[in-house]
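Each residue of the sequence shown is one higher than the one before, starting from 883 at the first, in the working numbering.
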Amino acid sequence: FFPYYPAEGQSSIQRHWADFRPIKNLTSLYLVCNDPGTNAEKYATIPAGGEVKAYYPGWPHDIGPVIVWMAYCGPDPTSCSAFDGIGKHWFKIQEVSLQSGTIRSGHWALKDLVNGNYTWTTKVPERLAGGAYLMRHEIIALHVPFEPEFYPECAHLWVTGTGSETPSEQYLASIPGVYAQDGMCKLGETLEVAYGYGRSRASPDDLRRAHG
């Protein structure tokens, strides 16, 4: 999918987005799959345990985490066409944030994305039940002090295989809702790092490295 071009006539597994501006309102419905986040025309078939590669050509920022979520749409390959993703549907399958150094000058996941030919690889859970899913890549760019920039992108997947497991409700998060516009954000074992009006998550190890 190519932003700035009319969505009509384009065919992709990726939900549509209009331009490269970040999402800064953490209560916006665009936090789910970007602006406007309208449905994709296609879906990609992948076996449970398979790898998905997301490509961000020319991505300029190397400070911030990369988080990948999935949400179940339904039992048919086209189920995601009628699923907007809003609400408590999302389970996290990958989070890579600060790997060494300090918050401002350390080695973040985004540096790996840039150095890896602007590519990010994610493994679909091996025992995940088959069906239609949205996969949501979430970049949180932290290069501007006190203003985290959210870049969500969604794609339609059809997961195959013999898996039968789905996350229980305690592992599901609401989007929007997982982040507070001006408050604490905790999910599972994660802690929060404050960056002004919005907050970005980091693991306890991240915080120890950043402030130790």
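Here a beta-carbon is modelled for each residue, glycine too, at the ideal position from N, C-alpha and C.
Query: Rounded to whole angstroms, what's the CA-CA distance from Ala991 to Glu933? Just pull it up for me.; Result: 18 Å
Query: Quick check on this structure: which residue in Tyr937, Phe965, Gly891, Trp972 has the alpha carbon closest to the alpha carbon of Ser1134?; Result: Outside the modelled stretch of the chain, which goes from 883 to 1094, sits residue 1134, for which no answer is possible.
Query: Run through DSSP, which three-state label would Leu1069 get?; Result: Residue confidence is low: Leu1069 scores 31 on pLDDT, short of 50, so the model does not pin down where it sits. Its coordinate-derived value is still stated next. Leu1069 falls in the coil class under three-state DSSP.
Query: Considering only residues of the same chain and omitting the five flanking positions on each side of Ala922, which have a CB-CB separation below 6 Å?; Result: Ser894, Ile895, Gln896, Arg897, His1038
Query: Please go through the same chain and pick out, in chain order, the residues whose beta-carbon is closer than 6 Å to the beta-carbon of Lys1005, but skip the five residues on each side of it.; Result: Glu933
Query: On the criterion of 16 or more Cβ atoms from any shown chain inside 10 Å, does Phe1032 qualify as buried, or is it exposed?; Result: buried
Query: Can you name, in chain order, every residue of its own chain whose Cβ lies under 6 Å from the Cβ of Pro947, other than the five neighbours on each side?; Result: Ser979, Ala991, Ile1022
Query: As a quick exercise: from Thr1044, Val1026, Asn916, pick the residue whose alpha carbon is nearest that of Ser987.; Result: Val1026
Query: Which two residues bound the contiguous alpha helix (DSSP H) that contains Tyr912?; Result: 912-915
Query: Apart from the five residues on each side of it in sequence, which residues of its chain come closer than 7 Å, Cβ to Cβ, to Ala1011?; Result: Gly1045, Ser1046, Glu1047, Thr1048
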